[in-house]
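Trainee: Please find one structure pasted underneath; my questions will follow.
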Amino acid sequence: MPNERLRAALAAGGWTYTALANKVEVDPKSIERWVNLGRTPRRATALVAAETLGEDVHALWPALRQARPARAVSPELVALYDQRADIPVSTFVDMLTQARERIDVLVYAAVFLHEAYPRLNDLLRERAADGCAVRIAIGDPDSAHVQQRGKDERFGHGIESRCRLALMHYRPLARVPGIEVRTHATTLYNSIYRADDQAMINAHIWGVNAYGAPVWHLRRSGAGGMFDTYASSFAAVWETATPVSEG
12 MPNERLRAAL AAGGWTYTAL ANKVEVDPKS IERWVNLGRT PRRATALVAA
62 ETLGEDVHAL WPALRQARPA RAVSPELVAL YDQRADIPVS TFVDMLTQAR
112 ERIDVLVYAA VFLHEAYPRL NDLLRERAAD GCAVRIAIGD PDSAHVQQRG
162 KDERFGHGIE SRCRLALMHY RPLARVPGIE VRTHATTLYN SIYRADDQAM
212 INAHIWGVNA YGAPVWHLRR SGAGGMFDTY ASSFAAVWET ATPVSEG
């Protein structure tokens, strides 16, 4: 079975089989077998390769783990953060900056992005100008689901006001070619930040503000995986959302 996690790591870092082979001192055909046939290298070699790629050795080659109870890990899971507050805003910005085809954002407010990176609208305009399709879906502050979320998270009217603030931030983009801004009235189970084949998924936990909830970083490796599940979820919400008028 091919090692899709390794394939994705090579692609993300721009590594060829030959370049990595030279770094870890093996034959390029060995790298090819690791990727296409799912072969597991010797531990010492694997450690050097993983360090070179900036990946966890056990994520690349689970067989190298010491005997433990079996645990399935999706090859699309790049990283798992205990809470969104642990992630530098630059991580989100860098991901969006790298997008070439699509940016999708599904949130209630997420004003932390504009607060920490005031050039966010400029970034989105630049991406759209380069041909990137940008879709932003934010919470309708008058929605019963948004108001209930404020009560659940003990945020009160704060979440409604933050939705209105988010709308103020994003409304100027509604007139920009290539950018669509909509409001939605759904129960939001996850916030989704997608840039091409990468996505940050911020889970929502009852009674916990989004910044204190876990985030998983996904990179699409094939059809039907976790990434596609969240992409389909975004599409379903988008169909129910209402276009924002130009400001």
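Our numbering runs 11 ahead of the 1-based position in the sequence shown. Positions of the beta carbon are idealized from the N, C-alpha and C atoms, including for glycine. Everything numeric in this text was worked out from a predicted model, so none of it was measured.
1) Find the nearest neighbour of residue 235 within the set 206, 252, 87 and 174, judged by alpha-carbon distance.
2) For the structure I just gave you, are there three or more beta carbon pairs, one from the region 120–136 and one from the region 43–52, closer than 8 Å?
3) Rounded to the nearest angstrom, what separates residue 63 and residue 45 at their Cα positions?
4) Look at the alpha carbon of residue 116 and the alpha carbon of residue 253, and state the distance between them as a whole number of angstroms.
5) Which full runs of the alpha helix (DSSP H) of 4+ residues lie inside the region 28–95, going along the chain?
6) Tell me residue 125's beta-bridge partners as DSSP assigns them.
7) Give a yes or no on contact between the region 200–211 and the region 170–184, applying the rule of three or more CB pairs nearer than 8 Å.
8) Closest to residue 174 by C-alpha separation, out of 139, 25, 152 and 101, would be which residue?
9) Residue 130 by DSSP, collapsed to three states: which one?
10) In this structure, what does DSSP give as the bridge partners for residue 227?
11) In whole angstroms, what separates the C-alpha of residue 137 from that of residue 210?
12) I'd like the span of the alpha helix (DSSP H) that includes residue 264, first residue to last.
13) Just to confirm before moving on: does the CB-CB distance between residue 150 and residue 195 stay below 8 Å?
14) What span of residues does the beta strand (DSSP E) with residue 145 cover, start to end?
Mentor: A quick look at the data gives this:
1) Minimum Cα distance to residue 235 is reached at 87.
2) Cβ pair count under 8 Å is below three, so no.
3) Each residue's Cα considered, the two are about 15 Å apart.
4) Roughly 15 Å separates the two Cα atoms.
5) With a minimum length of 4 residues, the continuous alpha helix (DSSP H) runs that stay inside the region 28–95 are 28–35, 39–47, 54–64 and 68–71.
6) Beta-bridge annotation (DSSP): residue 125 is not paired with any residue.
7) Pairwise C-beta distances place the region 200–211 out of contact with the region 170–184, as fewer than three of them are shorter than 8 Å.
8) The residue with the shortest Cα to Cα distance from residue 174 is 152.
9) DSSP places residue 130 outside both helix and strand once states are collapsed to three, so it counts as coil.
10) Beta-bridge annotation (DSSP): residue 227 is paired with 91 and 212.
11) Between residue 137 and residue 210, the C-alpha separation is close to 20 Å.
12) For the chain, the structure presents residues 12 to 258; residue 264 sits outside this window and is missing.
13) In this structure, residue 195 lies closer than 8 Å to residue 150 by Cβ.
14) 144–150 is the span of the beta strand (DSSP E), which, as asked, contains residue 145.
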